[in-house]
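Quick mapping for you: the protein sequence lines, in order, are chains P and W. Mapping of the first sequence onto this note's numbering: residues 248 to 475, in sequence order. Mapping of the second sequence onto this note's numbering: residues 1481 to 1530, in sequence order. Where a beta carbon is used, it is the ideal one built from N, C-alpha and C, also for glycine. One structure is given below, encoded as structure tokens.
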Amino acid sequence: MKSKFPMHIHLAITLVWMVIALYMIFLYAPEELTMGEVQRIFYVHFSLAMTALFAYAFVFIGSIGYLWKRSRAADDFAYACAEVGFIFCTGVLITGPLWAKPAWGIWWTWDARLTSTFILWLLYISYLMLRAYVASPGRTESLAAVVGALGFVTSIVDYMAIRWWRTQHPQPVIGGGPGSGLEPSMWATVFVTWGAFLCLFFYLVRMRRGIARVRREVVRMRQELASP
Amino acid sequence: MVNKFLFLAYAFVWILFMLYAWSLSRRQNRLSKEVEALKARTRLSQRNDH
């Protein structure tokens, strides 16, 4: 299914929203008292992480759509979300250690949250490798749907890890109980930044789906030319 | 002065997204060229058939 919303307007909205988010991160949000400047990594780290988790929910929805109705569009959507989700998850694994080093004094620790995020990243790689190297129409999509479902379960474990286990990772800012949470202007910055990254996510997914559509068209044309 | 960790985190994220967007647009251009070439071949083979 092709979206009617023009791509160039989507890109313009994403860029404007991103500029507003950057203004809020660096100029509007106050400096955190204990960590100082470096806490501003939180806004991008949180937005990337939440989007990477949501991406797996979209992969799951797309995979179910394919398994249920054998819908090509649903499978394209799942594949596109997995690829873009992988980029977001990579961003989480880059910004996390860069925040951990000044905050905890270490780049990495194998606690529940960090380990489950790393597993999530590996699952994204598995999904993409499966799509790239298993060339069996129908079977590839079904196998990918299984990995997608596994990734979705892992993303729930990843989200809940800091609630279920004691971790080095900070406790949740959303629904984290008494003592958690943020100052109102920080909340506003969090949501504006997350919105900007979600907008970017969907822009990239639409771009990636467009490529999948053209690629299918190329395969069809090649087959037509090859047939006598 | 901007904290070096803060600078690196934002710089890496933007580089990552720019590289990905660049790779997408390269794939898109390559496929568009391939479609054009295939359309030309289709037209040629149709002309030969007639």
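- Taken in chain order, the whole beta strand (DSSP E) runs of length 3 or more contained in the stretch 431 to 459 of chain P number zero.
- Listed in chain order, the positions of the stretch 1502 to 1514 of chain W with a beta carbon within less than 9 Å of a beta carbon of chain P are Leu-1504, Ser-1505, Arg-1507, Gln-1508, Leu-1511, Ser-1512 and Glu-1514.
- Fewer than three pairs of CB atoms, one per stretch, sit closer than 8 Å, so the stretch 272 to 281 of chain P makes no contact with the stretch 249 to 262 of chain P.
- Note on geometry: alpha-carbon atoms of P:Leu-340 and P:Val-381 lie some 27 Å from one another.
- Taking 7 Å as the threshold, the shortest C-beta distance from P:Val-291 to chain W falls below it.
- Contact with chain W is found for P:Val-285, since one of that chain's Cβ atoms lies less than 7 Å from the residue's Cβ.
- For chain W, the residues of the stretch 327 to 351 of chain P that bring a beta carbon within less than 7 Å of one of its beta carbons are Ile-334, Thr-337, Gly-338, Ile-341, Thr-342, Leu-345, Trp-346, Lys-348 and Pro-349, in chain order.
- P:Val-285 is a Cβ neighbour of W:Leu-1486, given a cutoff of 7 Å.
- For P:Val-465, the closest Cβ of chain W is nearer than 7 Å.
- Segment contact: the stretch 303 to 323 of chain P against the stretch 428 to 442 of chain P, fewer than three CB-CB distances shorter than 8 Å; contact not assigned.
- In the three-state scheme derived from DSSP, where H, G and I count as helix and E and B as strand, P:Gly-312 is classed as helix.
- Non-local C-beta neighbours of P:Met-271 in its own chain, meaning closer than 6 Å and more than five positions away in sequence, comprise Thr-436 and Val-439, ordered along the chain.
- Per the DSSP secondary-structure output, P:Gly-283 pairs in a beta bridge with P:Glu-279.
- By the beta-carbon neighbour count (other beta carbons within 10 angstroms, threshold 16), P:Glu-330 is buried.
- DSSP, reduced to helix, strand and coil, places P:Pro-417 outside both helices and strands of the structure shown, so it counts as coil.
- Residue contact with chain W for P:Leu-262: absent (no Cβ-Cβ distance below 7 Å to any residue of chain W).
- DSSP, read as helix, strand or coil, puts P:Val-291 in helix.
- When the beta-carbon positions are compared, P:Thr-414 and P:Ala-347 stay at least 7 Å from each other.
- Against P:Met-468, the close residues of chain W are Val-1515, Leu-1518, Lys-1519 and Thr-1522, in the order they occur along the chain (beta-carbon pairs closer than 8 Å).
- Contacts between P:Leu-472 and chain W, judged by CB atoms closer than 8 Å, involve Leu-1518, Arg-1521, Thr-1522 and Ser-1525 in chain order.
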